[in-house]
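Everything below concerns the one structure shown next.
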Amino acid sequence: MAESVIPPPDPLAPRGTPLGASRRGILRWCAAFVAFVALVHSSMLLLYVATDFPLSRTYAKQVNGWMRPLFPQDWSIFAPEPSKFNQHLEVRANVDGRFGPWIDLTAHDNAAYRGELLPSIEDQLVLRRAVSQYRSNAARPDARQATGRSARYLLNVVLVRLDAIGEEPGQAVQLRLKSTRIPAPGTRPDASVTRPRYQALGYWKVRP
76 MAESVIPPPD PLAPRGTPLG ASRRGILRWC AAFVAFVALV HSSMLLLYVA TDFPLSRTYA
136 KQVNGWMRPL FPQDWSIFAP EPSKFNQHLE VRANVDGRFG PWIDLTAHDN AAYRGELLPS
196 IEDQLVLRRA VSQYRSNAAR PDARQATGRS ARYLLNVVLV RLDAIGEEPG QAVQLRLKST
256 RIPAPGTRPD ASVTRPRYQA LGYWKVRP
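To convert a position in the sequence shown, counted from 1, into this note's numbering, add 75.
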């Protein structure tokens, strides 16, 4: 009977170090922990989206504590609510104690992206998000503390926009939001309804 020949080991084959008993135990515990967290998260997600489920109402506090603020389910990306207003951010600069004309930064943004083959969605949303974040923080009870960072961010965005269109910010800038109601489809626009409304956002000194 011919003896079987054992081929020599392949030098290019990967070589691993066998795990000891302690390491295998740690690996098993880690895998079990990950599986447990995944099971808990899946259960919480199911209860979170099942709003009419009796169990979800019973453990609503625990479910919200787990899901918010890191794992909220925002369905507006799939079914966004159409805006009822056209909102434009306007700014005017204070140069040597005198205010210049109001500049519509939103109109400049729209003109810059109109006709672009591949416009950047992020660039288009920068100004809108800065205004929305500042207004949300300004409506909070602790508005003075909450608006600090968002106000600085909004001011930085405005200064970048002014530099892009070749306007000087001067020593200070004043911001306001122009809102015009969008008439419902099939209705005749009413001048009293579509008249723009203005909301003062703030007056900030520009750092030299």
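The beta-carbon is built from N, C-alpha and C at its ideal position, and this holds for glycine as well.
Which term fits residue i, buried or exposed, when burial requires 16 or more other beta carbons within 10 angstroms of its beta carbon?
{"i": "residue 116", "result": "exposed"}
{"i": "residue 242", "result": "buried"}
{"i": "residue 222", "result": "buried"}
Assuming residue i is part of the alpha helix (DSSP H), what are its boundary residues?
{"i": "residue 254", "result": "Careful: residue 254 lies outside any alpha helix (DSSP H), inside the beta strand (DSSP E) at 247 to 256."}
{"i": "residue 27", "result": "Outside the modelled stretch of the chain, which goes from 76 to 283, sits residue 27, for which no answer is possible."}
{"i": "residue 160", "result": "It is not in any alpha helix (DSSP H) - residue 160 instead sits in the beta strand (DSSP E) that spans 160 to 170."}
{"i": "residue 120", "result": "96 to 124"}
{"i": "residue 134", "result": "No alpha helix (DSSP H) contains residue 134, which DSSP labels as neither H nor E."}
{"i": "residue 262", "result": "Element bounds for residue 262: n/a, residue is neither H nor E."}
{"i": "residue 184", "result": "180 to 188"}
So, at 7 Å on beta carbons, what are the nonlocal neighbours of residue i in its own chain, with the 5 sequence-adjacent residues on each side left out?
{"i": "residue 122", "result": "128, 130, 131, 134, 138"}
{"i": "residue 229", "result": "205, 206, 209"}
{"i": "residue 240", "result": "183"}
{"i": "residue 199", "result": "184, 188"}
{"i": "residue 269", "result": "255, 256, 258"}
{"i": "residue 201", "result": "232"}
Given residue i, which residues of its chain have a CB within under 6 Å of its CB, disregarding the five upstream and five downstream residues?
{"i": "residue 181", "result": "163, 164"}
{"i": "residue 234", "result": "244"}
Report the CB separation of residue i from residue j in whole angstroms; it is logged as a contact under 8 Å.
{"i": "residue 256", "j": "residue 160", "result": "6 Å"}
{"i": "residue 169", "j": "residue 274", "result": "Their Cβ separation, rounded to whole angstroms, is 19 Å, which puts residue 169 and residue 274 out of contact at 8 Å."}
{"i": "residue 124", "j": "residue 250", "result": "So it is not a contact: roughly 39 Å between Cβ atoms."}
{"i": "residue 104", "j": "residue 119", "result": "About 22 Å separates the two Cβ atoms, so there is no contact after all."}
Got a sec? Which residues, its chain only, sit under 8 Å from residue i by beta carbon, not counting five neighbours each side?
{"i": "residue 271", "result": "253, 254, 255"}
{"i": "residue 177", "result": "165, 166, 167, 251"}
Could you check where the beta strand (DSSP E) with residue i kicks off and where it finishes?
{"i": "residue 279", "result": "272 to 280"}
Between the Cα of residue i and the Cα atoms of the options, which residue gives the shortest distance?
{"i": "residue 231", "options": "269, 214, 171, 280", "result": "280"}
{"i": "residue 171", "options": "202, 261, 248", "result": "248"}
{"i": "residue 277", "options": "225, 158, 136", "result": "225"}
{"i": "residue 260", "options": "174, 158, 201, 178", "result": "158"}
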